[in-house]
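Just add 590 to the spot in the sequence shown (first one is 1) and you have this note's numbering.
Heads up, the beta-carbon is just placed ideally off N, CA and C, and yes, glycines get one too.
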Amino acid sequence: MYHVFQNFFRNQDLVSSLGGPWLIAVSGGADSMTLLHLAYRFASSVGKVLAVAHVHHGLRADADLDQSLVQEVCERMQIPCYATRVELSQLPPAQRKGIEADARELRYRALVRIATEVGASTVFLGHHAGDQVETVLWRLLRGTSLQGLGGMRPVRMDRGIRWVRPLLELEPSALRTYTARHQVPFREDSTNADVDYTRNYIRHEVLPTLRVIQPNPEAPVARLTHLLQEDEDWLHEQAQQAVAQCAKAEGGRYKLDLPCLTKFARPLQRRAIKIILYCLASEDWSFLHVESILELCASVRPSASLSLPAGIGVWRQYDQLWIGPVSQAGAAKAASQADDTSWELKDGAYLTWPVEGAESWHFTCRVREQHEPVQRGSPFELVLPFVASVTLRRVQTSERMAQLGVAGSKKVQDIFTDLKIPRIARTTWPGIYVEGKLIWLPGLRRSRELLIHPEQPGWMVSAWQGEGMK
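Structure below.
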């Protein structure tokens, strides 16, 4: 088995590329202790320095004995051991997903922290072929993508660390044989037999039944994951090209050209959206998140928006889609109804006008290209020349507006009456002003001021009431 371990590094061309010390994640169980034993033999032959990280989760009464064993073995091998303790309470309630997932997240955070402290860019993990089968089965049952069915990768970059799994193609029986032959000390985790944990249930209840049909599921699953990972790598490259062609990063957010994006096949659209989301936030972006964005792209509503986790907002303006932090989403903010609100106009700008006891108003701005047809008759769109900003405030019913298409001017009170606007809504209706002049009553009327020539570029401001970016 040691030769298989050696060949892994040769096949992956890892020895020369992995600089700094190699940090081995060791729990004290059979798999990670065997990994440490193999890595110790191999590192001495290639002149590499090892360090060990042990994460104490505080979930078992005898976990202190695990840590003691790891420290004793490291002392005999003269390998520095960095032990740390984590508590599930360290995760905010909003980030908790269950004991298994929470412990895994805290463990990885601790490993990243230790790797940074010791100057290691590489962390070795003890997952083997049996773990791969369990992972694929669990993801399949939970619901996953092609990428998820590809399982764990032997080498993966994440959080600035290269995670290496040298045992991933080794079957559990081979590891047990090596452990016994070389008398590798280890401790048995008593919770591994608890089938209340999903992974343990798969290991002890589901897999034995499957082995009646396929005695060695590790082999076909290994072939499947290898093929799927190759397919996913190619699709990811194609999606990166789609992002390069259709998206542009501007001020911490991304602007997508929808006609460009929709030329690509739906699987590439999904991956392109996911690439952008991961560029913006290290969130666990799901199929539902991506699909909600694609539904927004295909919606018959030319202007709409939605909110995502991690403070990310998505909003559409006709053929353009913006994805970015709400705090940076074109200066998205809650407007005050009582005071004048100055709104700087720029491509992708977004503003919310809250209305007490009713649905908020939402405004977006984009560049109207030269020669772009002007949509006549829509009271929810305003075309302006390139003014620097507009002012929003509650319109006063005594004000007058020189309505487009109507001679003279008319009181706002009369406009409200003509259009049968309820009295309660009149007290909070926003008005758009430029240099003190009332230019637009969103959803109602536009003035004759600041009109734009059909061939002149300018701003396109859209408005709607209802759901917007929270």
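Where DSSP assigns a beta bridge to residue i, which residues make up the other side?
{"i": "Tyr940", "result": "Thr954"}
{"i": "Thr734", "result": "In the DSSP output, where bridge partners are listed per residue, Thr734 has none listed."}
{"i": "Asp748", "result": "Ile751"}
{"i": "Gln910", "result": "Asp847 and Gln907"}
{"i": "Gly1048", "result": "Arg958"}
{"i": "Lys1000", "result": "Met991"}
{"i": "Lys1027", "result": "Val1024"}
{"i": "Gln1055", "result": "Trp951"}
{"i": "Val973", "result": "Met1050"}
{"i": "Leu896", "result": "Val904"}
{"i": "Pro915", "result": "Ile902"}
{"i": "His644", "result": "Ala673"}
{"i": "Trp875", "result": "Beta-bridge pairing links Trp875 to no other residue."}
{"i": "Gly613", "result": "According to the sequence as given, residue 613 is Leu; it is not Gly. Ala641 and Val713, per the DSSP bridge assignment."}
{"i": "Glu934", "result": "Ser979"}
{"i": "Arg1036", "result": "Trp1030"}
Below 8 Å between beta carbons: does that hold for residue i and residue j?
{"i": "Glu695", "j": "Gly648", "result": "no"}
{"i": "Gly716", "j": "Leu625", "result": "yes"}
{"i": "Leu846", "j": "Leu911", "result": "yes"}
{"i": "Ala700", "j": "Thr674", "result": "yes"}
{"i": "Arg906", "j": "Leu935", "result": "no"}
{"i": "Arg771", "j": "Gly619", "result": "no"}
{"i": "Leu851", "j": "Cys836", "result": "yes"}
{"i": "Tyr1023", "j": "Val980", "result": "yes"}
{"i": "Ala829", "j": "Arg861", "result": "yes"}
{"i": "Ala633", "j": "Phe714", "result": "no"}
{"i": "Arg1036", "j": "Ile1042", "result": "no"}
{"i": "Leu727", "j": "Val796", "result": "yes"}
{"i": "Thr987", "j": "Gln1003", "result": "yes"}
{"i": "Phe1062", "j": "Ser735", "result": "Residue 1062 cannot be examined here, being either before or after the span of the chain that is shown, 591 to 1060."}
{"i": "Lys838", "j": "Tyr844", "result": "yes"}
{"i": "Gln602", "j": "Val702", "result": "no"}
{"i": "Glu690", "j": "Arg789", "result": "yes"}
{"i": "Ile669", "j": "Ser711", "result": "no"}
{"i": "Gly901", "j": "Phe970", "result": "no"}
Who are the Cβ neighbours of residue i in its own chain at under 7 Å, not counting the five residues just before and after it?
{"i": "Val708", "result": "Pro611, Leu613, Ala641 and Tyr672"}
{"i": "Arg958", "result": "Val973, Pro1047, Gly1048, Trp1049 and Met1050"}
{"i": "Ala928", "result": "Bear in mind that the predicted position of Ala928 carries a pLDDT of just 43, short of 50, making it unreliable; the figure below should be weighed with that in mind. Within the same chain, Ala928 has no close Cβ partners at all."}
{"i": "Phe976", "result": "Gly1048 and Trp1049"}
{"i": "Lys864", "result": "Trp875 and Val880"}
{"i": "Gln819", "result": "Gly740 and Arg743"}
{"i": "Arg600", "result": "none"}
{"i": "Arg650", "result": "Ser780 and Thr781"}
{"i": "Gln596", "result": "Phe632"}
{"i": "Ala871", "result": "Ala900 and Ile902"}
Please return the same chain residues whose Cβ sits closer than 6 Å to the Cβ of residue i, not counting the five positions on each side in sequence.
{"i": "Trp1019", "result": "Val985"}
{"i": "Phe598", "result": "Pro756"}
{"i": "Lys1027", "result": "Glu1039"}
{"i": "Gln1055", "result": "Glu949 and Trp951"}
{"i": "Val616", "result": "Ser622, Leu626, Val642, His644 and Val660"}
{"i": "Lys923", "result": "The pLDDT assigned to Lys923 is 40, lower than 50, so where the model puts this residue is not dependable, and the model offers no usable value."}
{"i": "Gln737", "result": "Glu822"}
{"i": "Thr769", "result": "Ala620 and Thr624"}
{"i": "Tyr592", "result": "none"}
{"i": "Cys1088", "result": "Only positions 591 to 1060 of the chain appear in the structure, and residue 1088 is not among them; the question remains open."}
{"i": "His794", "result": "Val785"}
{"i": "Val945", "result": "Thr1018"}
Identify, in the order they occur along the chain, each residue of the same chain with its Cβ nearer than 8 Å to the Cβ of residue i, setting aside the five sequence neighbours on each side.
{"i": "Pro775", "result": "Met623, Leu659 and Val663"}
{"i": "Arg686", "result": "Leu678 and Asp692"}
{"i": "Ser999", "result": "Arg990, Met991, Ala992 and Gln993"}
{"i": "Leu884", "result": "Arg856, Gln859, Arg860 and Ile863"}
{"i": "Met747", "result": "Trp753"}
{"i": "Arg749", "result": "Tyr698, Val702 and Ser872"}
For my contact list, residue i and residue j are in at a C-beta cut-off of 8 Å; report their separation, rounded to the angstrom.
{"i": "Pro857", "j": "Leu814", "result": "Not confirmed; about 18 Å, so no contact."}
{"i": "Ala812", "j": "Gln722", "result": "7 Å"}
{"i": "Pro849", "j": "Glu873", "result": "The Cβ separation is near 28 Å, so there is no contact."}
{"i": "Phe953", "j": "Ala809", "result": "With 8 Å as the limit, Phe953 and Ala809 do not qualify as a contact, their Cβ atoms being about 59 Å apart."}
{"i": "Leu655", "j": "Ala719", "result": "That belief does not hold up - the Cβ atoms of Leu655 and Ala719 are roughly 28 Å apart, past 8 Å."}
{"i": "Glu840", "j": "Gly938", "result": "7 Å"}
{"i": "Leu1031", "j": "Ile1005", "result": "7 Å"}
{"i": "Gly914", "j": "Gly1021", "result": "About 28 Å separates the two Cβ atoms, so there is no contact after all."}
Cβ of residue i less than 8 Å from any chain D Cβ?
{"i": "Ala939", "result": "Judged by its chain identifiers, the structure shown contains no chain D, having just a single protein chain."}
*asked:* Extract the residue ranges of the alpha helix (DSSP H) inside the stretch 817–860, only unbroken runs of 4 or more that lie entirely within it.
replied: 848–851
*Which whole runs of the alpha helix (DSSP H) in the stretch 771–808 are 4 residues long or more, in chain order?*
788–791 and 797–803
*Can you list the beta strand (DSSP E) stretches of 3 or more residues lying completely in the stretch 658–743, in chain order?*
Listed in chain order, the complete beta strand (DSSP E) runs (minimum 3 residues) inside the stretch 658–743 are 671–675 and 712–714.
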